Amino acid sequence: GAPQSDPEADDASRVLRRVFGYDSFREGQREIIDHVVAGGDALVLMPTGGGKSLCYQVPALVRKGTGVVVSPLIALMQDQVDALTALGVRAGFLNSTQEHEERREVEAAFLAGELDLLYVAPERLRTSATLGLLDRGSIALFAIDEAHCVAQWGHDFRPDYLALSALHERWPDVPRIALTATATEATHAEIAARLNLGEARHFVASFDRPNIQYRIAQKREPRRQLLQLLRTEHAGDAGIVYCLSRASVEKTAAFLAENGVQALPYHAGLDARTRAEHQARFLREDGLVMVATIAFGMGIDKPDVRFVAHLDLPKSIEGYYQETGRAGRDGLPSTAWMVYGLQDVVQQRRMIDTSEGDAAHRRRLSAHLDAMLALCETVECRRVHLLAYFGQESGACGNCDTCLTPPETWDGTIAAQKLLSAVLRLRRERGQSFGAGHVIDILLGRETDKVVQHGHASLTVFGVGTELNESEWRAVVRQLLARGLLTVESDHGTLALTDASADVLARRREVPLRRDPERAARAEAGARA
Ligand code: ADP
Ligand code: ZN
């Protein structure tokens, strides 16, 4: 509720200025705040760093009663409350990390009407004790932060979020504002349905982050490539490096440290104290590189993260967007850099096929992966592609790798036919299937042990692909996978044809392919020299 000392606090602009010290609202904030202050429900989609917190903090201060904020980020509650307290906002939190006495004090403050904001962990709202407590106090609004956690097949699903639909039944007159940075139509619809927000107004901010330069390169020696990026463009900068596994987090952090980069590991296998310490150091010190699994980052508000690097392919565009969105929250130029290779695709297909959940769930994961691959292999502006995925139109940005170094395309129809027919012949004539490495060896006519052992030199496709080198063939395989013209069987990572492959083999379909821009650049440099 409004601080009593400020008789004009019902004016959102005054709260913004006097409490938060800002001169003006950012795009979108004003309308959202007015709507919630007036008692309306809202579903807010705003990119990371867009300024979602103020959208509920200001109305909580303007309206009578306490703003109850549901947040899954228990580890950050203390920080959030400390930051608000420093601004003179009366804030508290209730979660499982608290001592009994501390909780009692927060509850008493709430009941006495002495809290402007109360952060609550979602699991608390399932207990009748907490619900009873809220009944006895005065509530200004419910803010449901990270609302995509209610999306059942999303990457951050939290079962406790499903119970939040009950808030509306219990307190029909209290406005609710759900906030997320996850933007697809399907996720919006799911949030609205599951949180009972059918009447809510939707506020969708632009997802463009113009200061972030998107780059996706071919994975060769990922750690060396990363080091090269850090040395040439981001020496001394703070950044986040995402790896898929804990082991690779540890290895990468050690590698960077050996090479003079201040790097810390972060993953769920580290004990809570180490994690908290690394996170605190990352936030407070300058120029630290956090090497982490995706366990790191949600809710982290560090404005000067200059780069986010992915050494492994994210599982979805949503994940990629959220993770890269942690770069450049201060609006200054920043880099979203990623390397990916065939092995990523093989590995992720395997993970999907062995994942728990039903066939529909696996199909969904698979669709997410396909969308991510399409972004990697696009010859269009990365930003156009990314924003289109979120349903937003834009023009070529001039600030991504494909805009800066337009990839050449080449007619890959014949190469695709050779590759697909090698896969087909192995299956038809030998009843066998192999991974990309061996199929490429066959195309290149290499007499490897495996080729000799299986007598594959006698296949008609043996040695028919010498016009391309190994890395070019790998690029062909990746792009065919990204377009569904080829697939990977999960159990052994072997290649298999899809229904669409037949069109290529029958010459009913052309296959323009992307030439690796780095190769093109090298070729050009070579030609100039
Ligand atoms: P989100 O939750 O959307 O990721 P935050 O609410 O943490 O973003 O805001 C990101 C940063 O922008 C914070 O440092 C916040 O203080 C700042 N910010 C938000 N709104 C404004 C504003 N109107 N003017 C200036 N800075 C703002
Ligand atoms: Zn672009």
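In UniProt numbering, the protein residues as written are 6 to 534. C-beta: ideal position from N, C-alpha, C; glycine also. Fair warning: this is a prediction, and the values are worked out from it, not measured in the lab.
TODO: May I ask you to report which of helix, strand or coil DSSP gives Leu-518?
DONE: strand
Open item on the list: Quick check: is any heavy atom of the ligand ADP less than 8 Å from the C-beta of Lys-57?
Closed with: yes
- [ ] Would you mind stating whether Val-73 and Leu-146 have Cβ atoms separated by less than 9 Å?
- [x] Going by C-beta atoms, Val-73 is nearer than 9 Å to Leu-146.
- [ ] Could you check what DSSP says for Glu-13 in three-state terms: helix, strand or coil?
- [x] Its pLDDT being 46, under 50, Glu-13 is placed unreliably by the model, and nothing is read from it.
- [ ] Report yes if the CB atom of Arg-289 is closer than 9 Å to the CB atom of Val-313, and no otherwise.
- [x] no
Task: For Phe-301, the three-state DSSP class (helix, strand or coil) - done: coil
TODO: In angstroms with no decimal places, state the Cα-to-Cα distance between Val-482 and Ala-364.
DONE: 26 Å
Task: Beta bridge counterpart(s) of Tyr-326 as assigned by DSSP - done: Per DSSP, none; premise fails for Tyr-326.
Task: Beta-carbon proximity list for Leu-500, same chain, < 8 Å, skipping 5 on both sides - done: Contacts found: Val-428, Ser-438, Phe-439, Gly-440, Ala-441, Val-444, Val-482, Leu-491, Thr-492, Val-493, Glu-494.
Task: Contact between the region 302 to 321 and the region 236 to 249 (3+ Cβ pairs under 8 Å) - done: yes
TODO: With hydrogens ignored, establish whether the beta-carbon of Gly-72 is closer than 8 Å to any heavy atom of the ligand ADP.
DONE: Outside the cutoff, so no.
Task: Sequence ranges, beta strand (DSSP E) only - wholly within the region 200 to 224, length at least 3 - done: As far as the region 200 to 224 is concerned, its whole beta strand (DSSP E) runs of at least 3 residues are 206 to 209, 217 to 223.
Open item on the list: Restricting to runs no shorter than 3 residues, where is the beta strand (DSSP E) found entirely within the region 22 to 89?
Closed with: 47 to 50, 71 to 75
Task: Beta-carbon separation (whole angstroms), Gly-450 vs Gly-468, contact threshold 8 Å - done: 3 Å
Open item on the list: So if DSSP puts Phe-395 in a beta bridge, which residue, or which two residues, is it bridged to?
Closed with: Per DSSP, none; premise fails for Phe-395.
- [ ] Let me know the secondary structure DSSP gives Trp-176 once reduced to three states.
- [x] coil
Open item on the list: Considering only the alpha carbon of each residue, which of Ile-419, Val-457, Leu-486 lies closest to Thr-471?
Closed with: Ile-419
Open item on the list: Just to check my reading of the structure: Arg-387 and Leu-380 have Cβ atoms closer than 8 Å, yes? What is that Cβ distance to the nearest angstrom?
Closed with: Yes, they are in contact, since the Cβ atoms of Arg-387 and Leu-380 sit about 7 Å apart, within 8 Å.
TODO: Tell me, please, which residues DSSP counts as bridged to Trp-415.
DONE: BP columns for Trp-415 point to Leu-518.
TODO: Any chance you could list the beta strand (DSSP E) runs of at least 3 consecutive residues sitting entirely within the UniProt domain "Helicase C-terminal" (230 to 378), in chain order?
DONE: 243 to 247, 268 to 271, 294 to 297, 310 to 315, 339 to 345
Open item on the list: Along the chain, where does the beta strand (DSSP E) containing Gly-159 start, and where does it finish?
Closed with: Counting along the chain, Gly-159 falls outside any beta strand (DSSP E), and DSSP gives it neither H nor E.
TODO: For Ala-532, name the three-state secondary structure that DSSP assigns.
DONE: Only weak support exists for where Ala-532 lies, its pLDDT of 49 falling under 50; the value from the coordinates is given anyway. Correct three-state label for Ala-532: helix.
- [ ] Indicate, with yes or no, if the ligand ZN has a heavy atom lying under 8 Å from the CB of Val-389.
- [x] The ligand ZN approaches Val-389 closely enough that one of its heavy atoms is under 8 Å from the residue's Cβ.
Open item on the list: Applying the 10 Å Cβ sphere with the 16-neighbour rule, what's the burial state of Thr-407?
Closed with: A buried status is given to Thr-407, since no fewer than 16 other beta-carbon atoms sit within 10 Å of its beta-carbon.
Task: Which of helix, strand or coil DSSP assigns to residue 589 - done: Since the first and last residues shown for the chain are 6 and 534, residue 589 lies out of range.
Task: Cβ-based neighbour list, Leu-89, same chain, cut-off 7 Å, excluding 5 preceding and 5 following - done: So the list reads Ala-96, Leu-122, once near-sequence residues are dropped.
Task: 7 Å Cβ shell around Gly-45 - same chain, five flanking residues per side excluded - done: Pro-180, Arg-206
- [ ] Give the straight-line distance between the Cα atoms of Gly-244 and Arg-251, rounded to the nearest whole angstrom.
- [x] 18 Å
TODO: Within the same chain, show all residues whose beta-carbon is closer than 8 Å to that of Leu-275, passing over the 5 residues directly before and after it, in chain order.
DONE: Closer than 8 Å at Cβ, skipping near neighbours: His-283.
Task: Start-to-end residues for the alpha helix (DSSP H) that takes in Glu-119 - done: Per DSSP, Glu-119 belongs to no alpha helix (DSSP H) and is neither H nor E.
TODO: Can you tell me the Cβ-Cβ gap for Lys-224 and Val-344, rounded? I've got them flagged as a contact below 8 Å.
DONE: Rounded, the Cβ-Cβ distance is 4 Å, consistent with contact.
- [ ] Classify Leu-66 as buried or exposed, calling it buried when 16 or more other Cβ atoms lie within 10 Å of its own Cβ.
- [x] The residue is buried, with at least 16 neighbouring Cβ atoms inside 10 Å.
Task: Local conformation of Ala-7 per DSSP, three classes - done: Any reading at Ala-7 needs caution, since the residue's pLDDT is 46, under 50, leaving its predicted position unreliable; the model's value is listed next. If DSSP states are grouped into helix, strand and coil, Ala-7 belongs with coil.
Task: 8 Å contact criterion, which Gly-137 and Thr-71 should meet: CB distance rounded - done: That belief does not hold up - the Cβ atoms of Gly-137 and Thr-71 are roughly 15 Å apart, past 8 Å.
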